[in-house]
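Worksheet for the structure shown next.
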Amino acid sequence: MDWLERLASRARGRQRETAAVPGPSVGVVTDSASALPGGWAEAANAADFVRVVPMPVMIGDQIYGEGSAELIPALALAMAQGHEVRTSRPAPGQFEAAYRELAAAGCTSAVSIHLSGQLSGTVDSARLAARSAEIPVEVIDSATAAMGLGFAVAAATERARAGYSAAEVAADARSVAADATILFYVPSLDQLRRGGRIGAAAGWLGTLLAVKPILVVRDGMVVPLERVRTAPKALARLAELVQQDIAGRDGKVRAAVHHFGNASEAERLAGIVGAAAPEVEILICPLPAVLAAHAGLGVLAVAVAGDRSDAAGHIVQGAGPAGAGVPADGVAADGVATDDEGGRTDTGNAAGKPAGNAAGKPAAPGAASRTRSAETKAKGSKSSGGAKEQGARRR
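Note that my numbering gives residue 221 to position 216 of the sequence shown, counting from 1, and the numbers run on in steps of one.
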């Protein structure tokens, strides 16, 4: 039984238990960078109160929406031939339409969870649309991507279905996103270099463009973690880092392996991780086109979500500078990243030096996220207990 089948089975069970209870009053909105598999909302019995806004990908003068049948083969061909590929944020009107649909479906509020604002201006479009929405909308910058975002959306969906308030749904989404880890490697830096995506990491990587860098999403940005010389070594090291991350978590842990143009390698990576951690539920799915457009063919990415068991961290500290961001939507000449719609992300500190600790060493991957998560949990601990009681009464 695969991930979607298990999800559908749980949803059917909850539907039988709550057959006489009205639908959720809190709607959930996200964007296609969340990497949620096709049919996910239907399988989760959430089609009435969940909306996924597609993100545009531009190949030449042709604009495609995520999910269109022509996009994946056109994108793969364009990257193989070295043609220009660009991405952009969705228009605010697309979010306005999503919020309007939820209001018409009976939702009295919504939580809108999106791709890191350091990588795209998507969250800004959502905020702009929320101002004129018919219902109150809480917009969340997830500071992550792919299924790091997707797992947060899934958690929010479960909370909304259980009858929790918008504030409680949003708090859970923030917690899951903050605790998520995204690790990946690209077999070639060509696509990142072609669009200027190496950015401030260029000094760290040097001119050795044959390296297979392992990267991590840290503080909402893509930053280099380790340099590996060959693809087999990169795959093995990526598996080790993922296993190490999983070992540092308690309770239910979920993982997703993303790929683009290399499904067999993704299956092999999932097999390695699954053999080492058989209790972990692993989903294998393509990287969304809007992210693959910047990572390139052959990318492998792994998202891990679940409660962390320690505050000190568990991923080996990387050699890459914490401030050397590799933005997903462009880099301006001044070293400040921009997306095609004008979003910005700083790639270093005011002095132009990589961020790190007081001793000048780079911070461990995900350390800031863990700090934010701990703060979120501490601030919400008092309310979360009451939330569970309220949820129990609603069920």
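Glycine included, C-beta positions come from ideal geometry on N, C-alpha and C.
- Going by C-alpha positions, residue 266 is about 11 angstroms away from residue 294.
- For the pair residue 252 and residue 185, the Cα-to-Cα distance works out to about 14 angstroms.
- In terms of Cα proximity to residue 262, the closest of 249, 279, 256, 255 is 279.
- Note on residue 298: 16 or more other CB atoms within 10 angstroms of its CB, so buried under the neighbour-count rule.
- Residue 178 and residue 160 have their C-alpha atoms spaced approximately 6 angstroms apart.
- Listed as beta-bridge partners of residue 188 by DSSP are 221, 307.
- By the criterion of at least three beta-carbon pairs nearer than 8 angstroms, the stretch 108-123 is in contact with the stretch 220-237.
- With fewer than 16 other CB atoms across the displayed protein chains lying within 10 angstroms of its CB, residue 284 is exposed.
- The alpha carbon of residue 270 has as its nearest neighbour, out of 103, 249, 220, 306, the alpha carbon of 306.
- Separation of residue 193 and residue 88 (C-alpha to C-alpha, rounded to the nearest whole angstrom) is 16 angstroms.
- One alpha carbon belongs to residue 276, the other to residue 289, and they sit about 10 angstroms apart.
- With a cutoff of 8 angstroms on beta-carbon distance, residue 128 and residue 33 are scored as not near each other.
- If you ignore the 5 residues before and after residue 272, its C-beta comes within less than 7 angstroms of the C-beta of 289, all in its own chain and listed in chain order.
- Secondary structure note for residue 152: its alpha helix (DSSP H) is the uninterrupted segment 151-166.
- Contact between residue 61 and residue 39 does not hold, since the beta-carbon distance rounds to 15 angstroms and is not under 8 angstroms.
- If you draw a 10 Å sphere on the C-beta of residue 107, you find 16 or more other C-beta atoms in it, and that means buried.
- Residue burial is scored here from C-beta neighbours: residue 82 has fewer than 16 other C-beta atoms within 10 angstroms and is therefore classed as exposed.
- Per DSSP, residue 313 is not a residue of any beta strand (DSSP E), being assigned neither H nor E.
- For residue 143, the uninterrupted beta strand (DSSP E) segment begins and ends at 142-146.
- If you look at residue 127, you'll find it in the alpha helix (DSSP H) that goes 127-135.
- Just so you know, the alpha carbons of residue 281 and residue 304 end up roughly 22 angstroms apart.
- In the DSSP assignment, residue 216 falls outside any alpha helix (DSSP H) and carries neither an H nor an E.
- Counting only runs of at least 4 residues, the stretch 244-310 fully encloses the following alpha helix (DSSP H) elements, listed from N- to C-terminal order: 268-281, 294-300.
- About 5 angstroms separates the beta carbon of residue 143 from that of residue 175, a gap short enough to meet the 8 angstroms contact definition.
- In the DSSP assignment, residue 67 forms a beta bridge with 64.
- Residue 119 is bridged by DSSP to 146.
- For residue 53, the secondary structure class from DSSP, reduced to helix, strand or coil, is coil.
- Under the DSSP definition of a beta bridge, residue 31 partners with 114.
- Residue 99 counts as buried, since no fewer than 16 other beta carbons sit within 10 angstroms of its beta carbon.
- Proximity to residue 166 across 35, 300, 36, 46 peaks at 46, based on C-alpha coordinates.
- Only residues of its own chain outside the window of five on either side were considered, and among them 130, 133, 134 have a CB closer than 7 angstroms to the CB of residue 97, listed in chain order.
- Residue environment: residue 234 is assigned as exposed (fewer than 16 neighbouring CB atoms within 10 Å of its CB, all protein chains considered).
- Judged by DSSP in its simplified three-state form, residue 97 adopts helix.
- Under the DSSP definition of a beta bridge, residue 226 partners with 223.
- The residues 173, 174, 177, in chain order, have a CB closer than 7 angstroms to that of residue 164 in the same chain once the five nearest residues on each side in sequence are set aside.
- The criterion of a C-beta distance shorter than 8 angstroms is satisfied by residue 153 and residue 308.
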